[in-house]
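To start, the structure itself, in structure tokens.
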Amino acid sequence: MIFAMDSSVEWLLFLVVFLSISISSSSADRIGIPRGAAVLKKHHLPSKRAFSGDLHTYFYTQTLDHFNYKPESYATFQQRYVINYKYWGGGAVSAPIFVCLGAEQALETDLQTIGFLDDNAARFNALIVYIEHRYYGESVPFGSREEAFRNAYRMGYLNSAQALADYAEIIADMKNNLQASHSPVIVIGASYGGMLASWFRLKYPHLALGALASSAPVLYFDNITPSDAFYSIITMSFRETSESCYQTIRRSWSVIDSYASQPW
């Protein structure tokens, strides 16, 4: 993908600003369905359940297992995603696409907690896409949650590698259907979703120009950051609130260790 120098600088500045923004809550009136949306063709079905406002909901016929060739690997399920076309400049001018990668929750939660995307999409004439993580919300394989979580074998398809491959399929197919092959994609996520965004940028660099990983433990790997940093902050918070509370919780660990060391 080739960009003019001024375009590259603009994107660099945008990413710097973007990384300085924390995930914030959004008002209820930011949840909705777009007007004049482009038609998504291949493998995409309109949702029976629609959001209000500026959002369109779709289902993509997703592959259960992206990495094996067993007969059951070719099973499919319907994966939900939502698009906001309100601010998009269109594929003809290579307007950007912001893709929120769903984490361990239904898509509705992402819509309520990443409201800052609307502000930035308006500034950059961007398309906003929210993709639901497999096994959550309405993106459940095997027909129901009960069947999907019936045993360890079926639960084995719930992992980050499969989720990343899901997102790659949807993004590639969506860009093709919207004739937006040159539109740069920025993937976005928070916490576990932030890790997914980081991993997606590393594993699928041909699909994502950049990634925003908010509150993601990217530095906890390979001992780059002390592994007890989070717990140290929690301990400090308890102690600042109540020395008695801090001491009680501290003593509780010896009790837990004592019980854990006993034979069962």
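Under mature numbering (1 follows the signal peptide of the UniProt record, and there is no 0), the residues of the sequence shown are numbered -28 to -1, 1 to 236, in order.
Cβ atoms here follow ideal geometry from the backbone N, Cα and C, with glycine treated the same way.
Bear in mind the structure is a predicted one, so any value in this text is a computation, not a measurement.
Close-in-space but distant-in-sequence residues of the same chain around residue i (CB under 6 angstroms, 5 per side omitted)
i: residue 113; result: 36, 49 and 120
i: residue 65; result: none
i: residue 168; result: 73 and 161
i: residue 99; result: 60 and 69
i: residue 156; result: 68 and 181
i: residue 158; result: 70 and 182
i: residue 165; result: 73 and 75
i: residue -23; result: Confidence at residue -23 is low in this model, with a pLDDT of 43, below 50, so its placement is unreliable and the value that follows should be read with caution. Excluding residues within five positions, none has a Cβ falling inside 6 angstroms.
i: residue 89; result: 70 and 100
Among the options, the one whose alpha carbon lies nearest that of residue i
i: residue 239; options: 136, 84, 103 and 77; result: In the structure displayed, the chain extends from -28 to 236; residue 239 sits before or after that span and is not available.
i: residue 153; options: 233, 67, 44 and 166; result: 67
i: residue 125; options: 207, 235 and 44; result: 44
i: residue 92; options: 143, 40, 58 and 212; result: 58
Cutoff 8 angstroms; reference residue i; Cβ partners in own chain excluding five residues on either side
i: residue 199; result: 192
i: residue 77; result: 105, 108 and 109
Counterpart residues of residue i in DSSP-defined beta bridges
i: residue 170; result: DSSP output for residue 170 lists no bridge partner at all.
i: residue 184; result: 160
i: residue 71; result: 101 and 159
i: residue 195; result: Answer is none; residue 195 lacks a bridge partner.
Residues near residue i by beta carbon distance below 7 angstroms, same chain, minus five either side
i: residue 210; result: 217, 218 and 221
i: residue 52; result: 19, 29, 31, 79, 104, 109, 110 and 111
i: residue 38; result: 134 and 137
i: residue 170; result: 183, 185, 188 and 190
i: residue 172; result: 73, 136, 139, 159, 180 and 183
Buried or exposed (CB count within 10 angstroms, at least 16 for buried), residue i
i: residue 242; result: With the chain covering only -28 through 236, there is no way to say anything about residue 242.
i: residue 146; result: buried
i: residue 186; result: buried
i: residue 94; result: exposed
i: residue 122; result: exposed
i: residue 7; result: Bear in mind that the predicted position of residue 7 carries a pLDDT of just 30, short of 50, making it too unreliable to give a figure here.
i: residue 231; result: exposed
i: residue 56; result: buried
i: residue 205; result: exposed
i: residue 75; result: buried
i: residue -7; result: Per-residue confidence for residue -7 stands at a pLDDT of 36, beneath the threshold of 50, marking its modelled position as unreliable; the derived number appears in the next sentence. Classification for residue -7: exposed.
i: residue 228; result: exposed
i: residue 129; result: buried
Residue i (DSSP reduced to helix, strand or coil)
i: residue 96; result: helix
i: residue 123; result: coil
i: residue 131; result: coil
i: residue 244; result: This structure leaves residue 244 out entirely; the chain is present only between -28 and 236.
i: residue 190; result: helix
i: residue 78; result: coil
i: residue 176; result: coil
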